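Read through the structure below, which is laid out as structure tokens, and then see the notes.
Chains as they are written, first to last, in my numbering: chain X, -9 to 312; chain G, -9 to 312; chain E, -9 to 312; chain Y, -9 to 312.
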């Protein structure tokens, strides 16, 4: 590539900073100029970018959020706007864009390269882990740990009061966070979009716990699901079954925070690999990790297909709570 | 005292365990028998208690919640029930009760001793720090730190997206947590029950920040206030003023968690001091800390009077955000 | 199996508790009796074990250390002692043993089943990640995160004082922790047993950093290596090259602590899988994870072969610091 | 004051950043120009300073270390050098200096104002809490919490292996950190410079623990003391008494890290108060906190007198471990 630009887009996720650093340092190592774009596609459109050097990414590996800032850019759905963005890049002598973000952000990258003479590589940056073509996304591990820290605290109160908590974690369309958090916190039940859960099943699980001498307290982890209010609905249903659940919505605390070691390493390697793939001539792909190996997947597939939750893991979680 | 019983009551707070340990170890040190009551006043009424020794409180100093469990006991508002509780204690040869809890719990203790031949000492165990007669309560410092950890994460997202967050912290009647958290997180504004805040003031603070080159992001810390929904109301008003705030309710994560060093030391000292005061013949008091010294206050005063927020601190917080 | 016994052995690692829970709950789910042995092989020899039920492992998933306690048992190297251990198990009607531990512990398990009519399954429980047959060990992820938290703090001081720190992490024979920690903390250099590092190379890296405007501070991560004092030796050599390094030995803080989400899930799955393999008739194997899948490896191989560090990851780490 | 300069000096401590922010924002609020000096007295001498505005201190309240960097400056002990520093300040139109640091740093400030026409105010910034004239120093609370987090992890290993650990915390001349950490972690013994401890006493405490069913594990917290190696000496003595202690030196991890809520509030208030005192005409004082109130103490006293450890707290700690 003549020069690479990098941006972060969509919801921020912990590890975006080491990913940026990976791209920048690997590019410089090969003697390629690299530019940072501020505020995602919104900044790209208006040419808000500047050249980065090795010192630009010093001491960011451990910072949450993204030093390049991020944005959800509706305008980028318009081909004319994407064309404008391509012109901005060409004017600066940049022929390549690395996009770190989730599904929507990678869709924008795909159409940018389809319609314009700009090469793109995507990196999966989202806490939700709901991206086809990679077993893991930048930020997922940290988000799971953040949710766990919160639930460990709630567990103290649940045990002290022998009470039942519904804890809502992020995940609109998928139960990745909920399943991992649920198995790791020893949740009494996990409620996710992929599987129907009967309120009866929850009640009988709680009754069985009491009988086995495990006390009356409980944590039920609930994925937020496609429409708001799901967790409050479930609370109502449980009240009708004689339970007295309290609701906690973990919300935005799951996005930020110091990235975990796992996410720093994943992000560093994906960022550096993006440059390797670019230099090997690849285009219109996402770099991810599958079965422990770095792999590429065409962005067209990433966008079309949806990743399946590992049902065996979910079933294992339910078994272990018994 | 012939023998001491100890219970935790009301919402759990981090540090209740080292407080229990302080009472138990100090009592044993003086050769006094000590009993632990399960589940607060509810457990006391039904005689759910057992003798504790030094090993009973080993390795609990760092645990959140309360090993004795806690409860909110409506029945204890009835003098007949309190009489029954006193009989339970006397039957076991116990003439003294140490109650660790908040306002309601200390009220129960006061009436118990007024009406019955049982001596009581209260310890302020609540995250809210809203108890007259003490500058500090067991759990307040930890709750402030827990809220801060959450807000530091939200700050990452706020900065990355240049967005505005309303973060609701605990505090029904008082702004202690909100004020301390607000000053410590560098909040752009603090909203507490004690002072009226105009939405205009928030808007102009945010505008002033932008003008000074401090960016468009912001954190507003809001005490939950007397009725639920306050934070959502404020969000609506801000929307009408052209802001786009997101709401985070920190909720129950503020209660649990590993107690901070400060709370472990405070709780240990108050627990041990309770025994000192008992041996010196005191009754119907709460042990607290004022201006760095351990002091006692009659429970009657603790219940009647309300603690004032330090207005100077609040004003200082507002000044420092400018 | 007629009944399963489980023990933890060698240095404790975070995640041993969820591993125990996985074994216990999965065994009970299949109607198999399960016993917990106290203090590793030492406890086994003297018959210090008791039956566990579902409540025995309640609320342990988030606890560091091991509720079964652990030990390094020299006596177990003696075949006569192993025979005695087998007799203890048979007497209780137990025909199967699950051992959670590192290399030495798994060696003991292998010889126990070779010489006696006891079936064994091993689980890799060590922070060092130096076990053949698995990409990951129970406790490694947590240890990396713990070391990172410490180094993030040291980084604050290094930056504030523009000083150089040598931070020693665990790893006698292998650089797994050092390499992962090094890449994740943005170390200026990583020193591990597998690769020789020249003091000149460190000095020139630090000089290059200064020239690029990255400041004079630095963190060098050093694996402890086969003999104590390595890090102090390196410090002396650096002093001779005009550097003024300070030494930090992280030591035992890397062993304990609340297990990370990753380790809780890994341990839970390996624990439950051990029971699956036992029920499928396997013996004399270790259950691990390779390329994201749960796999078994004969204990004979686990003991004989040594796991290689991923050199590509190490080289990537060095590149990213430039 | 015409204009204020602020610097941080000596070992960094968590909370120096909110202290700087307090000084800067409070000065600007009163319309006073404020300058930040880089690298302590070393930077002052060479005129390495620049004007700060409100945005200069945005988003630093939660950062460890000091954005102004710090240094130990031997040269500043020379009156000629101090004179030169005064000239630098006057040239820039600055008549006032705020120094955030420990004993040595405050000594420099005192002589600077004695000999030159520069006003100075000191703020106690050190993790050691060993400064006369204040009950608390900026960074002490965080350092105690950091040490506790480490020891809580070591406790997991100690309990799992029933082993004895000597944990060395900072404190050359004073046992403040050791005493607070010791009481808060439930240490079996605390060894500090102020009180002689007999090895016999440790052994009998450990024996007593075993007898009471509290197990064989133990944590002994040791202040580093005036000369290095104290903790290793103690380990040797304990070995001669039949114990098998392991040694952990917590070291530099105690300095850095995200400041606690307590330290952020303390630092913010002291920083802002420094400006209040300056505007009220004070000079040659340190601002501290005593019995919960902000107070000033002449620097001459701060330097001459030494702060006494609260013996009652130390004795209480010992009692509670029994």
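We put the beta carbon where it would ideally sit given N, CA and C, even for glycine. Remember, predicted model here, so these are calculated numbers, not experimental data.
Taking C-beta atoms as the reference points, residue 113(E) and residue 289(E) fail to come closer than 7 Å. Residue range 6 to 19 is occupied by the alpha helix (DSSP H) that includes residue 6(E).
Contact annotation for residue 259(G) against chain X: no contact, minimum CB-CB distance about 22 Å [criterion: below 7 Å]. If you ignore the 5 residues before and after residue 228(G), its C-beta comes within less than 7 Å of the C-beta of 189, 192, 235, all in its own chain and listed in chain order.
Contact between the stretch 37 to 57 of chain G and the stretch -5 to 2 of chain G is present: three or more C-beta pairs spanning the two stretches fall below 8 Å. Under the Cβ distance rule, residue 57(Y) does not count among the residues neighbouring chain G, no pair being separated by less than 7 Å.
Residue 243(X) belongs to the set of residues whose beta carbon lies under 7 Å from a beta carbon in chain G. Shown here, residue -5(E) sits in a strand according to DSSP, grouped into three states.
The residues -6, 24, 265, in chain order, have a CB closer than 6 Å to that of residue 17(E) in the same chain once the five nearest residues on each side in sequence are set aside.
A direct Cα-Cα distance of roughly 27 Å separates residue 54(Y) from residue 195(G). Short of 7 Å from the beta carbon of residue 178(E), and not among the five residues preceding or following it, lie these beta carbons of its own chain, in chain order: 195, 196, 199, 208, 209, 210, 311.
Here residue 172(E) is buried. Its C-beta has 16 or more other C-beta atoms within 10 Å.
Taking 7 Å as the threshold, the shortest C-beta distance from residue 217(E) to chain Y does not fall below it. Nearest to residue 10(X) by alpha-carbon distance, out of 48(X), 152(X), 94(X), is 48(X).
Shown here, residue 218(X) sits in coil according to DSSP, grouped into three states, outside any helix or strand. Distance from the Cα of residue 156(G) is smallest, within the candidate group 163(G), 148(G), 162(G), for 148(G). Across the structure, residue 57(X) and residue 85(X) are spaced so that their CA atoms are roughly 23 Å apart. When rounded, the separation of the alpha-carbon atoms in residue 79(Y) and residue 283(Y) is 32 Å. Taking the Cα positions, residue 65(G) is about 31 Å away from residue 51(G). When beta bridges are read from the DSSP output, residue 208(X) appears opposite 154(X). For residue 27(X), the uninterrupted beta strand (DSSP E) segment begins and ends at 23 to 27. Residue environment: residue 146(X) is assigned as buried (16 or more neighbouring CB atoms within 10 Å of its CB, all protein chains considered). In the DSSP secondary-structure assignment, residue 286(G) is bridged to 277(G).
Within the stretch 190 to 222 of chain Y, those residues whose Cβ lies closer than 8 Å to any Cβ of chain G are, in chain order, 202, 203, 204, 205. Less than 7 Å divides the Cβ of residue 213(G) from the Cβ of residue 168(G).
Counted as a single uninterrupted DSSP element, the beta strand (DSSP E) harbouring residue 238(Y) occupies residues 235 to 239. Residues 29, 30, 32 of the same chain have their beta carbon placed closer than 6 Å to that of residue 61(X), with the five preceding and five following residues left out of the count. Between the beta-carbon of residue 253(Y) and that of residue 83(Y) there is about 33 Å, and that puts the pair past the 8 Å contact cut.
In chain order, 243, 244, 247 place their CB closer than 7 Å to the CB of residue 136(E), counting only its own chain and leaving out the 5 sequence neighbours on each side. Shown in chain order are the members of the stretch 5 to 17 of chain E whose Cβ falls below 9 Å from a Cβ of chain X: 8, 11, 12, 15, 16. Contact annotation: the stretch 262 to 276 of chain G does not touch the stretch 215 to 228 of chain Y, with fewer than three C-beta pairs closer than 8 Å.
In the DSSP assignment, residue 58(E) falls outside any beta strand (DSSP E) and carries neither an H nor an E.
Assigned with DSSP and collapsed to three states, residue 180(G) falls in strand. For the 7 Å CB-CB criterion, residue 111(Y) and residue 3(Y) do not form a contact.
When DSSP states are grouped into helix, strand and coil, residue 91(Y) belongs to the strand group. Here residue 65(G) is not bridged, per DSSP, to any residue.
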